[in-house]
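Numbering (this note's numbering), first residue to last: 1 to 325.
Note that beta-carbon positions come from the ideal geometry of N, C-alpha and C, so glycine has one too.
Take a look at the structure below.
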């Protein structure tokens, strides 16, 4: 019957939206471990440099040993803690400890070492020897930092690639199915495919071509698949797909709403939420959205999905299709 046909047509956009919105955009434990181990190794590069130079200073002036050895123990202990969190793939604990303990300890070490170095009264020969040691440690550090930041970049790219693969699976599966019912999903496929040219390729090239850690960090901060570049290009893939899928669903429901059988208030709500989300994305562009913009965006997307579910449920009842139908 006609309502059954409408229901079949309408269900396709609903399923696609639900799947797209529920694609697990969170790295797996193994992926988290990989990216956190790389971040830990970068911290370890800094620790080895600081500890190496503190040992040189202590060797040159044993009287400074009590204070600097305490700093060495503290910094090594903090680095070990980072490894524990990294090995467990615990992103939140790693980030919290890095910002709350390791970075402050490293800053304290730097301040203490600078003060002790200035007041130690080293002879010119000792200063020359320490500078030579410092330069040698810096060469080792620079190589270490480059390798570990590249490893971090490769791990982040791998996570991005897994997101794209998941989205491609969804859009390919439902795009082929929807075509049978005259629903055009090509805009969703294009969004996923364009991510490669606009984000993945320049990001990979930037990481591969980097000559030092700063250049790797610059590339990582310049091209982002989601909303993770505060000062770079953000593609907002997940949000764009979500908003576009809602748009497709609304347009299809409107086209099959013969005789006005769909609740007009719900249709207006769906359109309003979809338009609001799209407007936010358009205004943000490639910038990172603020916390308030993000809250508004996802509230509209989620509200739109809930209204869409209500519309589909109401059509389900009208069509006389019970659980066994």
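What residue from the options has the CA that sits closest to residue i's CA?
i, options, result
"residue 74", "110, 292, 305", "110"
"residue 97", "49, 223, 39", "39"
"residue 68", "105, 83, 44, 100", "105"
"residue 165", "79, 204, 99, 193", "193"
"residue 264", "229, 223, 308, 301", "308"
"residue 242", "185, 71, 81", "185"
"residue 157", "172, 144, 201, 121", "201"
"residue 51", "314, 163, 121, 71", "71"
"residue 131", "228, 315, 57", "57"
"residue 198", "224, 187, 255", "224"
"residue 287", "113, 226, 170", "226"
"residue 281", "267, 266, 300", "300"
"residue 48", "82, 120, 144, 116", "144"
"residue 289", "228, 141, 114", "228"
"residue 86", "168, 115, 34, 135", "34"
"residue 151", "315, 32, 272, 284", "32"
"residue 285", "252, 259, 233, 177", "233"
Under a Cβ-count criterion, where at least 16 other Cβ atoms within 10 Å of its own Cβ denotes burial, should residue i be classed as buried or exposed?
i, result
"residue 306", "exposed"
"residue 414", "For residue 414 there is no data in the structure shown, the boundaries of the chain being 1 and 325."
"residue 216", "buried"
"residue 22", "With a pLDDT of only 49 at residue 22, under the threshold of 50, the placement of this residue in the model should not be trusted; the figure read from the coordinates follows. Per the 10 Å Cβ criterion, exposed."
"residue 175", "buried"
"residue 249", "buried"
"residue 291", "exposed"
"residue 245", "buried"
"residue 311", "buried"
"residue 182", "exposed"
"residue 44", "buried"
"residue 238", "buried"
"residue 127", "exposed"
"residue 139", "exposed"
"residue 180", "exposed"
"residue 30", "exposed"
"residue 313", "exposed"
"residue 99", "exposed"
May I ask which residues mark the beginning and end of the alpha helix (DSSP H) holding residue i?
i, result
"residue 154", "124-179"
"residue 326", "Only positions 1 to 325 of the chain appear in the structure, and residue 326 is not among them; the question remains open."
"residue 189", "186-195"
"residue 71", "65-87"
"residue 211", "No alpha helix (DSSP H) holds residue 211; DSSP gives it neither H nor E."
"residue 288", "Element bounds for residue 288: n/a, residue is neither H nor E."
"residue 257", "It is not in any alpha helix (DSSP H) - residue 257 carries neither H nor E in the DSSP assignment."
"residue 102", "Residue 102 -> no alpha helix (DSSP H), and no H or E assigned at all."
"residue 120", "Note, residue 120: premise wrong, no alpha helix (DSSP H); not H, not E."
"residue 199", "Note, residue 199: premise wrong, no alpha helix (DSSP H); not H, not E."
For residue i, which beta-bridge partners are listed by DSSP?
i, result
"residue 224", "234"
Are the beta-carbon atoms belonging to residue i and residue j less than 8 Å from one another?
i, j, result
"residue 297", "residue 240", "no"
"residue 294", "residue 274", "no"
"residue 207", "residue 154", "yes"
"residue 89", "residue 36", "yes"
"residue 189", "residue 42", "no"
"residue 195", "residue 235", "yes"
"residue 203", "residue 213", "no"
"residue 221", "residue 231", "yes"
"residue 120", "residue 64", "yes"
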